[in-house]
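Inspection log for the structure reproduced underneath, given as structure tokens.
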Amino acid sequence: MPIRGRIEVNQLHCKGCELCVMACPQDVMALDMEHLTPKGYHPAQLVAEGCTGCAICAIVCPDAAITVYRETPQKTRATA
Amino acid sequence: MTKQLLKGNEAFAEAAIRAGVEGFFGYPITPSTEFLEYMSRRMPELGRAFVQAESEVAAINMVYGAACTGKRVMTASSSPGISLMSEGISYIAGTEVPVVIVNVMRGGPGLGNIAPSQGDYFQMTKGGGHGDYFPIVLAPASVQEAIDYITLAFDLAEKYRSIVHIVVDGNIGQMMEPAELPPMRKIPKEAPEWAVTGAKGREPNILTSIYIDPVDEEVVNIRLLKRWLEIEKNEVRYKEYALDDAEIAVIGFGTAGRVASSAVRAAREEGIKVGLFRPISLSPFPKKQIEEISKRVRRILVVEMNSGMMLEDVKRVVQGRVPVEFYGRMGGVTPFPDEILDEIRRVDSNTADVADLEREQWLDRLEARIAGGK
Amino acid sequence: MVMEKVVYQRPESLTDTVTHYCPGCTHGVAHRLVAEVLDEMGIREKTIGVAPVGCSVFAYNYFNHDYVEAAHGRAPAMATGIKRVRPQNTVYTYQGDGDLASIGMAEIVHAAIRGENITVIFINNAIYGMTGGQMAPTTLAGMKTTSSPLGRDVELTGYPVKMAEMLSTIDGAGYIVRRSLHNPVNIRKAKKAIRKAFETQERGLGFAMVELLSSCPTNWKITPQEALDFIENSMLPVYPLGDYKVHPELAGLRV
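Heads up: the protein sequence lines correspond to chains A, B and C, in order. In case it helps, our numbering puts the first sequence at residues 1 to 80. In case it helps, our numbering puts the second sequence at residues 1001 to 1374. In case it helps, our numbering puts the third sequence at residues 2001 to 2255.
And the structure:
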């Protein structure tokens, strides 16, 4: 199963510069044209399945606006 | 402690060290260089910071940075060097960090020369740098006074988070005189709470002179002005000699004041009722004291080693109550006691109105004196 | 139950203040990298920053540690003063190209000559940003700015200045490199360089500077992505990335 991740975009910090959208290797991000941030920008968001939590979006983000999470595989305790 | 024979600049440097200076940043310039040279040896000896900077511009900004840590720091320079430092001086004023600056003044404008002068009076007392601020300016007239006021300067700088300028001229910087140095002060371990020391267990401290919103800047201007009014109330300093029954008051600071004191003594021996007022704090200016004097005397003679700069401050205080006359030498020329004695005699017998022509009248006399080869 | 871990979050060394930088300006990336390095090294609480005059004049609002604000170009002198009286602190300047390579040329060169134990983060975006896009000493030949409207004429205004190359000739310099912020790979490399520049200071190995090729979409009058492409296509040939001077004691350092 592919690694699954997700992101949270801070609506205060995001300025809709789109650098994360352009950099996303999975091509699963886009600006949310339906909403404006308090500063008046269209924020970035995930728009499709497939985020791997690679954090490329966070690496290019000039505003440290993105928190990235990744699922960790559950270790099953071996039984004797 | 006993008196020793001390050279001006070196004694000032040692006085600063004993006052607890922990950083000296400077650039060589005559006639203040011995200050830097002395520091280059003494500061490392004591494990304190010394940097010979690449320019006065850099030196004052090193002082600025070091002052932001709350430590006692200083520089010493001479007139053209102070001009270069003016930018940093304004930033220091705007950031409200304590700094002591010694200016061993020389003849100017421009490169001028290296001879003693008081031509930086306006530059020092009226700010020098840009913006709305008021520096404290102290003008000692002897090696001992300079030692005492350098020590005091650090206390005042810290008390008011202000710049304190010590202005002397090449005479005082270069002369050797018997004087007594104070004991070594202990370096405080704790930094003031506003200082940048690393935000360990506290919110970050930010030291800046930017207040981008004019309303915020005005708050700072008000704070600076209120602090200045406190300084004007508390920190006026001066020396008086034979003024009690004086009909003529001579007013002069620093070397000019010291030369004038010889002339005043000689004039007293001739029976002229003359006294001397010597401002030590040029800023805050001893306004009340001079105002009081102007109510008691017939005439005032201002003596300076410039074109009549303090003269303007004196006249503003005297407000035409009595005639104010002027005698100065410029360009690095120090007046002789005899010259001033001649002036005292002349002023004592003069009953004419000066009518704001004291500079023109003085220039005529000065040019005649120069033409006469005196 | 699905468990998840945080892969990336805003570093502690940044405050929560929204920057005034234009959307897509890589000043923000540089800030973030410095903050991440301070976090990783655990030195936030002993660090003192020196902000410049220029677009990053308000850097002190964005970093969560002590900061002072210098006069234009004088940050290295101010940092010198701080570091000399408080050697126990980590001191760095954050300067743009107008600040460092024009008005502050003497201060940066002499800080390097003295081998000051400070770290310098140098943002080269080939333009004056704060004042609205004038020619900088780093402006490329032929590049149009508001003060070189026909394009920079190198015959009249000189050639782009190469600070990393220049400072690398100085004996007092311990670590001088140029990196770029135009894509994820280079951003990662830039962060490692910033880490090494702070390690240089922690080890007392002298003056350290990381020159970062940075974007200015607003004054270059292109989109943020196009600005990154401009760095890659137009700036890299003039400003080659690389290690211009690395103190031998840093050579084996893995970060």
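For each residue, glycine too, the CB sits at the ideal point set by N, CA and C.
Q) Comparing the C-beta of C:ASN2117 with each C-beta of chain B, is any distance below 8 Å? A) Within the third sequence, the letter at position 117 stands for residue 2117 of chain C. Cβ-Cβ to chain B under 8 Å: no for C:ASN2117.
**Q.** Span separating the alpha-carbon of B:PRO1323 from that of B:ASP1245
**A.** Here residue 1323 of chain B refers to the residue found at position 323 when the second sequence is read from its first residue. Here residue 1245 of chain B refers to the residue found at position 245 when the second sequence is read from its first residue. B:PRO1323 and B:ASP1245: Cα-Cα distance of roughly 18 Å.
(Q) Within 8 Å of any Cβ in chain C, is that where the Cβ of B:PHE1025 sits? (A) As a first step, residue 1025 of chain B must be located in the second sequence, where it is residue number 25. Chain C contact via Cβ: present.
(Q) So if I threshold CB-CB distances at 7 Å, which residues from the segment 1204-1215 of chain B count as touching chain C? (A) For the segment 1204-1215 of chain B, the set of residues with a beta-carbon nearer than 7 Å to any beta-carbon of chain C comprises PRO1204, ASN1205, ILE1206, LEU1207, THR1208, SER1209, ILE1210, in chain order.
Q) Among A:ARG4, A:LEU12, A:CYS51, A:ARG70, which one has its Cα closest to the Cα of A:GLN116? A) There is no way to answer for residue 116 of chain A, as the model of chain A reaches only from 1 to 80.
Q) Whose C-beta lies closer than 6 Å to the C-beta of C:ARG2044 among residues of the same chain, with five residues either side of it excluded? A) Numbered from its first residue, the third sequence carries residue 2044 of chain C at position 44. Beyond the five residues adjoining it in sequence on each side, C:ARG2044 comes within less than 6 Å, by CB distance, of SER2013, LEU2038, HIS2065 in the same chain, given in chain order.
Q | Cβ-based neighbour list, C:VAL2050, same chain, cut-off 6 Å, excluding 5 preceding and 5 following | A | As a position in the third sequence, residue 2050 of chain C is number 50, starting the count at 1. Hits under 6 Å: VAL2068, ALA2070, ALA2075, MET2078, ALA2079, THR2093.
Q | Buried versus exposed, by CB contacts within 10 Å (16 or more), B:PRO1270 | A | Numbered from its first residue, the second sequence carries residue 1270 of chain B at position 270. As written in the sequence, residue 1270 of chain B is Glu, which differs from the Pro given in the question. Result: exposed.
Q | Where the segment 1175-1199 of chain B meets chain C: residues whose CB sits under 8 Å from a CB there | A | The segment 1175-1199 of chain B vs chain C, Cβ under 8 Å: VAL1196, THR1197, GLY1198, ALA1199.
Q) Between which two residues does the alpha helix (DSSP H) harbouring C:GLN2201 extend? A) Residue mapping note: residue 2201 of chain C aligns to position 201 of the third sequence, counting from 1. Judged by DSSP secondary structure, C:GLN2201 falls within the alpha helix (DSSP H) whose first and last residues are 2184-2202.
**Q.** For C:LEU2014, the residue or residues it bridges with in DSSP
**A.** Here residue 2014 of chain C refers to the residue found at position 14 of the third sequence. In the DSSP assignment, C:LEU2014 forms a beta bridge with C:PHE2063.
Q: Flag B:SER1040 as yes if its beta-carbon sits less than 8 Å from any beta-carbon of chain C, otherwise no.
A: The residue given as residue 1040 of chain B occupies position 40 in the second sequence. Taking Cβ atoms only, chain C never reaches closer than 8 Å to B:SER1040, which makes this a no.
(Q) Does chain C have any CB closer than 8 Å to the CB of A:HIS42? (A) Within the first sequence, the letter at position 42 stands for residue 42 of chain A. Closer than 8 Å: no.
Q. Comparing alpha-carbon positions, which option in B:ILE1163, B:GLY1320, B:GLU1203 lies nearest B:ASP1356?
A. Taking the first residue of the second sequence as position 1, residue 1356 of chain B is located at position 356. Ranking the options by Cα distance to B:ASP1356, first place goes to B:GLY1320.
Q: For C:ASN2219, count neighbouring C-beta atoms within 10 Å of its own C-beta (all shown protein chains included) and say buried if the count is 16 or more, exposed if not.
A: On the third sequence, position 219 is the one that residue 2219 of chain C refers to. With 16 or more Cβ atoms within 10 Å of its Cβ, C:ASN2219 is classed as buried.
Q. Excluding the five sequence neighbours on either side, which residues of its own chain have a C-beta within less than 6 Å of the C-beta of C:LYS2046, listed in chain order?
A. Position 46 of the third sequence, counting from 1, holds the residue named residue 2046 of chain C. By the criterion of a C-beta distance shorter than 6 Å, C:LYS2046 is surrounded in its chain by ASN2089, THR2090, once the five residues flanking it on both sides are discounted.
Q) Comparing the C-beta of C:GLU2202 with each C-beta of chain B, is any distance below 8 Å? A) As a working mapping, residue 2202 of chain C is identified with position 202 in the third sequence. Taking a beta-carbon distance threshold of 8 Å, C:GLU2202 does not count as an interface residue toward chain B.
Q) How about the segment 1080-1095 of chain B and the segment 1126-1145 of chain B: do they share at least three Cβ pairs that are nearer than 8 Å? A) Yes, the segment 1080-1095 of chain B touches the segment 1126-1145 of chain B.
Q) Of all Cβ atoms in chain B, is any one closer than 8 Å to the Cβ of C:VAL2068? A) Indexing the third sequence from 1 puts residue 2068 of chain C at position 68. So, interface residue.
Q | In DSSP terms, what B:ASP1071 is bridged to | A | Along the second sequence, read from residue 1 onward, the residue named residue 1071 of chain B stands at position 71. It is worth fixing the name first, because residue 1071 of chain B is Lys in this sequence and not Asp. Paired residues: none, contrary to the question.
Q.
With the cut-off set at 8 Å, would you say B:SER1079 and B:MET1039 are in Cβ contact?
A. On the second sequence, residue 1079 of chain B is found 79 positions in, with the first residue counted as 1. On the second sequence, residue 1039 of chain B is found 39 positions in, with the first residue counted as 1. Cβ atoms of B:SER1079 and B:MET1039: not closer than 8 Å.
Q: Could you tell me the boundaries of the alpha helix (DSSP H) in which C:ILE2108 lies?
A: Counting from 1 along the third sequence, the entry for residue 2108 of chain C is found at position 108. Run containing C:ILE2108: 2105-2113, per the alpha helix (DSSP H) assignment.
Q: Closer than 6 Å by C-beta to B:PRO1182: which residues in its own chain qualify, once you throw out the five before and the five after it? Chain order, please.
A: Within the second sequence, the letter at position 182 stands for residue 1182 of chain B. Cβ within range, chain order: ARG1018, THR1151.
Q. Under the rule that 16 or more other beta-carbon atoms within 10 Å means buried, what is B:ALA1299, buried or exposed?
A. Stepping through the second sequence from its first residue, residue 1299 of chain B is reached at position 299. In the sequence on display, residue 1299 of chain B carries Arg and not Ala. With 16 or more Cβ atoms within 10 Å of its Cβ, B:ARG1299 is classed as buried.
Q | Straight-line gap, A:ILE56 to C:MET2143 (C-alpha atoms, nearest Å) | A | By one-based count along the first sequence, residue 56 of chain A stands at place 56. By one-based count along the third sequence, residue 2143 of chain C stands at place 143. Answer to the nearest angstrom: the Cα atoms are 31 Å apart.
Q: Pick helix, strand or coil for C:GLN2225, following the three-state DSSP scheme.
A: The residue you call residue 2225 of chain C lines up with position 225 of the third sequence. Note: C:GLN2225 maps to helix in three-state DSSP.
Q: Specify, as a first and last residue, the run of the beta strand (DSSP E) that C:ARG2179 falls within.
A: Against the third sequence, residue 2179 of chain C aligns to sequence position 179. Looking at the DSSP string, the run of the beta strand (DSSP E) that includes C:ARG2179 is 2173-2180.
**Q.** Nearest neighbour of B:GLU1203, chosen from C:ILE2048, C:VAL2029, C:HIS2020, C:VAL2007 [CA to CA]
**A.** Counting from one through the second sequence, the residue named residue 1203 of chain B turns up at place 203. Comparing alpha-carbon positions, the option among C:ILE2048, C:VAL2029, C:HIS2020, C:VAL2007 lying closest to B:GLU1203 turns out to be C:ILE2048.
Q: Write down the C-beta distance between B:GLY1020 and B:ILE1187 rounded to the nearest angstrom, noting that I regard them as a contact closer than 8 Å.
A: For the purposes of this step, residue 1020 of chain B is taken as residue 20 along the second sequence, with counting starting at 1. For the purposes of this step, residue 1187 of chain B is taken as residue 187 along the second sequence, with counting starting at 1. Contact flag correct, Cβ pair sits at about 5 Å.
Q | Opening and closing residue of the alpha helix (DSSP H) in which B:MET1105 lies | A | Within the second sequence, the letter at position 105 stands for residue 1105 of chain B. Residue range 1099-1105 is occupied by the beta strand (DSSP E) that includes B:MET1105, with no alpha helix (DSSP H) assigned at that position.
Q: Could you tell me if B:ASN1234 is buried or exposed, where buried requires 16 or more neighbouring beta carbons within 10 angstroms of its beta carbon?
A: Taking the second sequence and counting its residues from 1, the one referred to as residue 1234 of chain B is at position 234. Around the beta carbon of B:ASN1234, a 10 Å sphere encloses fewer than 16 other beta carbons of the protein chains shown; the residue is thus reported as exposed.
(Q) Does the structure place the segment 1285-1294 of chain B close enough to the segment 1142-1161 of chain B that three or more beta carbon pairs sit under 8 Å? (A) The segment 1142-1161 of chain B, when compared against the segment 1285-1294 of chain B, does not touch it at the 8 Å Cβ threshold.
**Q.** Cβ pair count under 8 Å reaching 3, the segment 1325-1336 of chain B against the segment 1117-1124 of chain B
**A.** The segment 1325-1336 of chain B, when compared against the segment 1117-1124 of chain B, does touch it at the 8 Å Cβ threshold.
Q | Interface flag, A:ALA80 vs chain C, CB-CB below 8 Å | A | Within the first sequence, the letter at position 80 stands for residue 80 of chain A. Bear in mind that the predicted position of A:ALA80 carries a pLDDT of just 46, short of 50, making it unreliable; the figure below should be weighed with that in mind. No, A:ALA80 lies away from the interface with chain C (no Cβ there is under 8 Å from its Cβ).
Q: With 7 Å as the C-beta to C-beta threshold (strictly closer), list the residues of the segment 2012-2026 of chain C near chain A in chain order.
A: When CB distances to chain A are screened at a threshold of 7 Å, the residues of the segment 2012-2026 of chain C falling below it are LEU2014, VAL2018, THR2019, TYR2021, PRO2023, GLY2024, CYS2025, THR2026, in chain order.
Q. Which bits of chain A does C:LYS2005 rub up against, with CB to CB less than 9 Å?
A. Indexing the third sequence from 1 puts residue 2005 of chain C at position 5. Simply GLY53, TYR69, ARG70, GLU71, THR72.
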